[in-house]
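Numbering (the working numbering), first residue to last: 39 to 345.
Glycine residues also receive a C-beta, built at the ideal position from the N, C-alpha and C atoms.
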């Protein structure tokens, strides 16, 4: 089975959002973490669980709450009274795909426990460093509207997410199909379609996708424009530049091409860059991060020759 089979299954389960499921698979192929944002009831958790179950991989889920401790995530050392020695108890983060529900409900101290794991795929417990399994992905959900009982994710943690996706409401036809499925009690079953080995091979193939110098120049122009935009206080970082390259390669791979086009860059740029920008006070009042990126995409000249 291939990543295309996984994508087809997700489209059958998560109705009406083929572009969202495609972008999720793109992020995983690019070896990155995903932040799913939207109001409650739009299927964020369903999508995340369906993605996790589509692979023959270990899966764990953590519901973030205000009283959650870092040791509840990464594990801790404890003293064994029988052996009179300290032993390590690993946490749920030692898995392939980690689903974090409502990531912004944990206190900053707990949120910071994810930083090392998300960036370096390792955790430190009691002064000892432990490598996480391969592959390792975090799929987190949050409701950006509700503020009661939540803690804003720090920029350092937001930057660890390769892509931020706004799920949105389904269309009328898709919501109708959802109702009919519920009434008829027909439920799509999620099958594990891809092994870890096959997925890691697909990631290696993504790294071989070519990107022409003209497309690199175009990509850099977009990045620099985010830094010069009058409504942006902090633009895209060099880490964001490399992320945009990787995601563009993965998106081209999913489109069955061996090279990146400007259209690939345009399709993924808002989802790779939006959560990494900091707007000025005027920008927060007049616009949004995604609208700023629309302006950026419209202002930068696209290479004429497709390579």
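Just to confirm the assignment, what range does the beta strand (DSSP E) spanning residue i have?
{"i": "residue 39", "result": "Run containing residue 39: none; DSSP gives neither H nor E here."}
{"i": "residue 113", "result": "113 to 118"}
{"i": "residue 150", "result": "That residue, residue 150, is in no beta strand (DSSP E); it is neither H nor E in DSSP."}
{"i": "residue 123", "result": "123 to 128"}
{"i": "residue 169", "result": "166 to 169"}
Are the C-beta atoms of residue i and some chain B residue less than 8 Å apart?
{"i": "residue 222", "result": "Absent from the structure is chain B; it holds one protein chain and no more."}
Note down, in chain order, each residue of its chain lying with its Cβ closer than 6 Å to the Cβ of residue i, except the 5 sequence neighbours on either side.
{"i": "residue 273", "result": "264, 265"}
{"i": "residue 131", "result": "111, 112, 155"}
{"i": "residue 321", "result": "269"}
{"i": "residue 148", "result": "106, 108"}
{"i": "residue 101", "result": "139"}
So, with DSSP's three-state summary, where would you put residue i?
{"i": "residue 98", "result": "strand"}
{"i": "residue 345", "result": "Reliability fails at residue 345, whose pLDDT of 46 lies under 50, so the model's placement of it is uncertain and no value is given."}
{"i": "residue 83", "result": "helix"}
{"i": "residue 249", "result": "coil"}
{"i": "residue 131", "result": "coil"}
{"i": "residue 48", "result": "helix"}
So, at 8 Å on beta carbons, what are the nonlocal neighbours of residue i in its own chain, with the 5 sequence-adjacent residues on each side left out?
{"i": "residue 124", "result": "115, 116, 117, 118, 164"}
{"i": "residue 345", "result": "Confidence in residue 345 is poor, its pLDDT being 46 and thus under 50, which makes the residue's placement unreliable; the coordinate value appears in the next sentence. Hits under 8 Å: 250, 252, 253, 297, 299."}
{"i": "residue 92", "result": "44, 47, 48, 228, 229, 230, 231, 232"}
{"i": "residue 40", "result": "232, 236, 240"}
Output the boundary residues of the alpha helix (DSSP H) element that contains residue i.
{"i": "residue 197", "result": "Note, residue 197: premise wrong, no alpha helix (DSSP H); not H, not E."}
{"i": "residue 237", "result": "234 to 245"}
{"i": "residue 162", "result": "Not the alpha helix (DSSP H): residue 162 falls in the beta strand (DSSP E), residues 160 to 163."}
{"i": "residue 74", "result": "Element bounds for residue 74: not the alpha helix (DSSP H) but the beta strand (DSSP E), 71 to 75."}
{"i": "residue 64", "result": "56 to 67"}
Grab me the residues of residue i's own chain with a C-beta within less than 7 Å of its C-beta, minus the 5 sequence neighbours each way, in chain order.
{"i": "residue 88", "result": "48, 51, 52, 228"}
{"i": "residue 305", "result": "289"}
Let me make sure I understand the geometry here. Which of the options has the alpha-carbon closest to that of residue i?
{"i": "residue 171", "options": "321, 325, 98", "result": "98"}
{"i": "residue 85", "options": "102, 95, 54, 96", "result": "54"}
{"i": "residue 241", "options": "102, 70, 301, 342", "result": "70"}
{"i": "residue 303", "options": "295, 317, 287, 318", "result": "287"}
{"i": "residue 299", "options": "277, 251, 200, 279", "result": "251"}
{"i": "residue 312", "options": "184, 201, 215", "result": "201"}
{"i": "residue 192", "options": "58, 178, 150", "result": "150"}
{"i": "residue 255", "options": "143, 341, 167, 133", "result": "341"}
Margin query: Quick check on the DSSP output: what are the complete beta strand (DSSP E) runs of length 3 or more inside the stretch 253 to 334, in order along the chain?
Written below: Whole beta strand (DSSP E) segments, 3+ residues: 270 to 272.
Note to self: Quick check on the DSSP output: what are the complete beta strand (DSSP E) runs of length 3 or more inside the stretch 174 to 223, in order along the chain?
What the structure shows: 175 to 180, 199 to 204
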